[in-house]
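Chemist:
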Amino acid sequence: MSKICVIGTGYVGLVTGTCFADLGNEVVCLDIDETRIERLKNGIMPIYEPGLQQLVSQNVKAGRLTFVTNYEKALKDAEFAFIAVGTPSGVDGEADLQYVRSVAESIADQVEDKIFVVNKSTVPVGTGDWVADIIRKRRAGKPLEFSVISNPEFLREGSAINDFMYPDRVVLGSTDRVAASKVAQLYLTLRCPIMITDLRTAEMIKYASNAFLATRISFINEIANICEELGADVRDVALGMGYDKRIGSAFLDAGLGWGGSCFPKDVKALAHMAAIHGTHPQLLQAVMDINRNQRRRVIYKLRKALGSLNEAVIGILGLSFKPNTDDIREAPALELIHLLQNEGAIIKGYDPQAMENAAQVLKRVQLCENPYQVAEGADALVLATEWNEFKQVDFDRIYTSMKKPIIMDGRNLWDGEKLRSMGFAYYGMGRGGFNNGNSD
Ligand SMILES: NC(=O)c1ccc[n+]([C@@H]2O[C@H](COP(=O)([O-])OP(=O)(O)OC[C@H]3O[C@@H](n4cnc5c(N)ncnc54)[C@H](O)[C@@H]3O)[C@@H](O)[C@H]2O)c1
1 MSKICVIGTG
11 YVGLVTGTCF
21 ADLGNEVVCL
31 DIDETRIERL
41 KNGIMPIYEP
51 GLQQLVSQNV
61 KAGRLTFVTN
71 YEKALKDAEF
81 AFIAVGTPSG
91 VDGEADLQYV
101 RSVAESIADQ
111 VEDKIFVVNK
121 STVPVGTGDW
131 VADIIRKRRA
141 GKPLEFSVIS
151 NPEFLREGSA
161 INDFMYPDRV
171 VLGSTDRVAA
181 SKVAQLYLTL
191 RCPIMITDLR
201 TAEMIKYASN
211 AFLATRISFI
221 NEIANICEEL
231 GADVRDVALG
241 MGYDKRIGSA
251 FLDAGLGWGG
261 SCFPKDVKAL
271 AHMAAIHGTH
281 PQLLQAVMDI
291 NRNQRRRVIY
301 KLRKALGSLN
311 EAVIGILGLS
321 FKPNTDDIRE
331 APALELIHLL
341 QNEGAIIKGY
351 DPQAMENAAQ
361 VLKRVQLCEN
371 PYQVAEGADA
381 LVLATEWNEF
391 KQVDFDRIYT
401 SMKKPIIMDG
411 RNLWDGEKLR
421 SMGFAYYGMG
431 RGGFNNGNSD
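Residues 1 to 440 in my numbering are what the sequence shown lists, from first letter to last.
Written out as structure tokens, the structure reads:
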């Protein structure tokens, strides 16, 4: 049993703290957002993450998990301080480290004599050294025994608990190998490969992993666009590629492209890091360009199907950036809505979990209670997020309630052949030779 303080109770911090508690440790989760902590104390989750509420409540009941806003209280007796605060994009695409800096300063101010500082936030290469420097300078004259360890997080929203408990690997980077081995002990029970590297390499592993996954998606989207023109179906192309063990099938789903709180900012931050160090990250730039273009292709197809989009009623199904999360940060749906509104379209939308978050940022969007309300009177329906709930919608009901039966399947979720036979004009992504506007 170890005493752990997790700083930041967002998607990463709350899952990390709860899972470490579930593994038998004594965990204090700290956040500066008082409302968030108050709600957590009352069992109300700040995010939607399958299984999280129950796991939090079990561990609170067992006395292993507490929530506080006070650094002094949170760090008292803690052996490990995990940093899990946000690192959003700055104006130039760089990672904004203001929250990490503030945490480093608080650690320097509040820890009594020793601590392992473990960084789970995704931070530019070199940040671990920078954090160490901040702590050292702030403690000048009052020694503190500490080491900084980079421990990048690879969990995915929507399956975060499972990803934490059954990781493909744990990466630990530090200039102090003994410190890294201490952190490794927290993970031994998970029986996964644990890789110990230097600090900067660990920080880079996270960026390189996210950039690679984003590259796979952009790659298949580029192939999808070529398929569309040449009459091939990208779904079968991806399947055929995926059987090859050297390639594998993950992250080869063509669609509206990647979004969310990680890929966009991380690819941008890596490209920024590369550029300011004199290299030309051409592949990363292309990966971002292709992604941006996927949303524009949908607008182009809608324009082709409907003529002017001015005053066209467009229904959007799915607002979160992917299924099983309420996270709408950089969601493709949001960019689509913005582009459509620019052309004068009237937008209706629905999401199974993200309505509260969407209501806070979406202007002039009619938020509906279900897919059928969205379809009512719509000139076209766009599927932006492939929630399970949308797989089996009643298309007879949708057909009769739409003004024009046009379906833009941005995730290739539906059976286009069936929908066409029902009378819909169906458009998928990369499904050339099959009603994509260029062949029939
Ligand atoms: N969300 C993911 O799926 C995911 C996956 C892997 C890695 N990451 C990385 O993990 C980090 C956290 O991401 P997230 O999505 O959990 O962020 P988040 O925005 O959901 O949560 C961040 C939390 O930190 C709190 N915070 C900010 N400043 C603080 C301070 N000084 N002291 C205490 N708390 C403070 C905020 O109030 C907020 O609750 C980011 O660097 C992200 O790139 C995220």
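No residue lacks a Cβ here, since even glycine has one placed at the ideal position from N, Cα and C. These numbers come from a predicted model, not from an experiment.
Cβ of L213 within 8 angstroms of Cβ of F251?
Modeler: Numbered from 1 along the sequence shown, position 213 holds the residue referred to as residue 213. Numbered from 1 along the sequence shown, position 251 holds the residue referred to as residue 251. Contact: yes.
Chemist: How should S308 be labelled, buried or exposed, when 16 other C-beta atoms within 10 angstroms of its C-beta is the threshold for buried?
Modeler: As a first step, residue 308 is located in the sequence shown; it is residue number 308 there, counting from the start. It counts as exposed.
Chemist: Comparing the CB of E34 with every heavy atom of ligand 1, is any distance shorter than 7 angstroms?
Modeler: One-based indexing of the sequence shown puts residue 34 at position 34. No - ligand 1 has no heavy atom lying nearer than 7 angstroms to the Cβ of E34.
Chemist: If we ignore side chains and look at the alpha-carbon of each, how far apart do L362 and L334 end up?
Modeler: If you number the sequence shown from 1, residue 362 lands on position 362. If you number the sequence shown from 1, residue 334 lands on position 334. Roughly 8 angstroms separates the two Cα atoms.
Chemist: Have a look at I4, T16, L14 and Y399 and flag the residue whose alpha-carbon is nearest the alpha-carbon of V27.
Modeler: Taking the sequence shown and counting its residues from 1, the one referred to as residue 27 is at position 27. If you compare the alpha carbons of I4, T16, L14 and Y399 with that of V27, the shortest gap goes to I4.
Chemist: Comparing C-alpha positions only, which one of I37, V313, L75 and H338 sits nearest to A104?
Modeler: Taking the first residue of the sequence shown as position 1, residue 104 is located at position 104. The option with the nearest alpha carbon to A104 is L75.
Chemist: Hey, is the region 381-392 in contact with the region 337-356, meaning 3+ C-beta pairs nearer than 8 angstroms?
Modeler: yes
Chemist: Please classify I220 as buried or exposed, where buried requires at least 16 neighbouring CB atoms within 10 angstroms.
Modeler: Residue numbering aside, residue 220 sits at position 220 when the sequence shown is read from its first letter. Under this definition I220 is a buried residue.
Chemist: Leaving out five residues before and five after A21 in sequence, what residues of the same chain have Cβ atoms less than 7 angstroms from its Cβ?
Modeler: The count along the sequence shown starts at 1 and reaches residue 21 at position 21. Closer than 7 angstroms at Cβ, skipping near neighbours: V27, N59, R64 and L65.
Chemist: Leaving out five residues before and five after H405 in sequence, what residues of the same chain have Cβ atoms less than 7 angstroms from its Cβ?
Modeler: Residue mapping note: residue 405 aligns to position 405 of the sequence shown, counting from 1. According to the sequence displayed, residue 405 carries Pro and not His. Excluding positions up to five away in sequence, the list reads Y399, G423, F424 and A425.
Chemist: Quick check on V374: does DSSP put it in helix, strand or coil?
Modeler: Start at 1 with the first residue of the sequence shown, and residue 374 comes out as number 374. Helix at V374.
Chemist: What residues in its chain sit with their C-beta under 7 angstroms from that of N370, if we drop five residues either side in the sequence?
Modeler: By one-based count along the sequence shown, residue 370 stands at place 370. Excluding positions up to five away in sequence, the list reads Y350.
Chemist: According to DSSP, which residues form a beta bridge with Y426?
Modeler: For the purposes of this step, residue 426 is taken as the residue at position 426 of the sequence shown. According to DSSP, which records beta bridges pairwise, Y426 is partnered with I407.
Chemist: Taking the alpha-carbon positions, what's the T463 to T122 distance?
Modeler: The structure shown does not extend to residue 463, since the chain spans only 1 to 440, so no value can be given for it.
Chemist: Please report the distance separating the alpha-carbon of R303 from that of L383.
Modeler: Start at 1 with the first residue of the sequence shown, and residue 303 comes out as number 303. Start at 1 with the first residue of the sequence shown, and residue 383 comes out as number 383. Going by the C-alpha atoms only, they are around 16 angstroms apart.
Chemist: So, for Y243: in the same chain, excluding its five sequence neighbours on each side, which residues have a beta-carbon less than 8 angstroms away from its beta-carbon?
Modeler: Looking up residue 243 in the sequence shown gives position 243. Non-local C-beta neighbours of Y243 in its own chain, meaning closer than 8 angstroms and more than five positions away in sequence, comprise S249, ordered along the chain.
Chemist: On a Cα-Cα basis, can you pick out the residue from Y48, E79 and G93 that is closest to G158?
Modeler: Your numbering for residue 158 matches position 158 in the sequence shown. Checked all of Y48, E79 and G93; the closest Cα to G158 is Y48.
Chemist: Check whether the Cβ of G17 lies closer than 7 angstroms to any heavy atom of ligand 1, and answer yes or no.
Modeler: Mapped onto the sequence shown, residue 17 falls at position 17. No; taking the cut-off as 7 angstroms, the Cβ of G17 has no heavy atom of ligand 1 nearer than that.
Chemist: Report whether the distance from the Cβ of I7 to the nearest heavy atom of ligand 1 is below 7 angstroms.
Modeler: For the purposes of this step, residue 7 is identified with residue 7 of the sequence shown, where counting begins at 1. Correct: I7 has its Cβ closer than 7 angstroms to ligand 1.
Chemist: Suppose only complete runs of 4+ residues qualify. What are the alpha helix (DSSP H) ranges in the region 168-232, listed by chain order?
Modeler: 177-187 and 199-230
Chemist: Could you work out which residue in P281, I247 and V6 is closest to N25 when comparing CA atoms only?
Modeler: Along the sequence shown, read from residue 1 onward, the residue named residue 25 stands at position 25. Checking every option, the nearest Cα to that of N25 belongs to V6.
Chemist: Would I299 and S218 qualify as a contact pair, given that the criterion is a beta-carbon distance under 8 angstroms?
Modeler: Position 299 of the sequence shown, counted from the first residue, corresponds to residue 299. Position 218 of the sequence shown, counted from the first residue, corresponds to residue 218. No, the Cβ-Cβ distance between I299 and S218 is not below 8 angstroms.
Chemist: Taking DSSP as the reference, what is the three-state secondary structure of V27?
Modeler: Translated into positions along the sequence shown, residue 27 becomes position 27. Correct three-state label for V27: strand.
Chemist: Ignoring anything shorter than 4 residues, give me the alpha helix (DSSP H) runs that lie fully in the region 2-85, in order along the chain.
Modeler: Qualifying alpha helix (DSSP H) stretches, in chain order: 11-22, 34-41, 52-61 and 71-75.
Chemist: Just to confirm my understanding: we take L230, look at its own chain, exclude 5 residues before and 5 after, and list those with CB closer than 8 angstroms. What are they?
Modeler: Residue 230 sits at position 230 when you count from the first residue of the sequence shown. Taken in chain order, the residues that qualify are G432.
Chemist: Shortest alpha-carbon distance to E228 belongs to which of M204, R297, T201 and F263?
Modeler: Against the sequence shown, residue 228 aligns to sequence position 228. Of the listed residues, the one whose Cα sits closest to E228 is R297.
Chemist: Any heavy atom of ligand 1 within a distance shorter than 7 angstroms of the CB on A274?
Modeler: For this step, residue 274 is matched to residue 274 along the sequence shown. No, the Cβ of A274 stays beyond 7 angstroms of every heavy atom of ligand 1.
Chemist: In the structure shown, what three-state DSSP assignment does L317 receive?
Modeler: Taking the sequence shown and counting its residues from 1, one reaches residue 317 at position 317. Three-state DSSP puts L317 in a strand.
Chemist: Suppose the cutoff is 8 angstroms on Cβ atoms and the five residues either side in sequence are ignored; what does the same chain contact list for G437 look like?
Modeler: Here residue 437 is taken as the residue at index 437 of the sequence shown, counted from 1. Bear in mind that the predicted position of G437 carries a pLDDT of just 46, short of 50, making it unreliable; the figure below should be weighed with that in mind. Here the set comprises K301, K304, A305 and Y427.
Chemist: Taking the alpha helix (DSSP H) that F131 belongs to, which residues open and close that run?
Modeler: The count along the sequence shown starts at 1 and reaches residue 131 at position 131. The question names Phe, but residue 131 in the sequence shown is Val. It spans T127 to R138 - the alpha helix (DSSP H) in which V131 sits, taken as one unbroken run.
Chemist: Touching or not, the region 158-178 and the region 81-96, by the rule of three or more beta carbon pairs under 8 angstroms?
Modeler: no
Chemist: Note down the Cα distance separating D440 from S261, rounded to an integer number of angstroms.
Modeler: Counting from one through the sequence shown, the residue named residue 440 turns up at place 440. Counting from one through the sequence shown, the residue named residue 261 turns up at place 261. Residue placement at D440 is flagged as unreliable, the pLDDT there being 37, under the threshold of 50; the coordinate-derived value follows with that caveat. Rounded to whole angstroms, D440 to S261 spans 38 angstroms at the Cα level.
Chemist: Once the 5 residues before and after P281 are set aside, which same chain residues still bring their CB inside 8 angstroms of it?
Modeler: Locating residue 281 in the sequence shown gives position 281, where the first residue counts as 1. Beyond the five residues adjoining it in sequence on each side, P281 comes within less than 8 angstroms, by CB distance, of L270, A271, A274 and A275 in the same chain, given in chain order.
Chemist: Can you give me the Cβ contacts of R156 inside the same chain, cut-off strictly under 8 angstroms, excluding the 5 residues immediately before and after it?
Modeler: Position 156 of the sequence shown, counted from the first residue, corresponds to residue 156. Only D163 meet the Cβ criterion.
Chemist: Any heavy atom of ligand 1 within a distance shorter than 7 angstroms of the CB on R156?
Modeler: Locating residue 156 in the sequence shown gives position 156, counting from the first residue. Within the cutoff, so yes.
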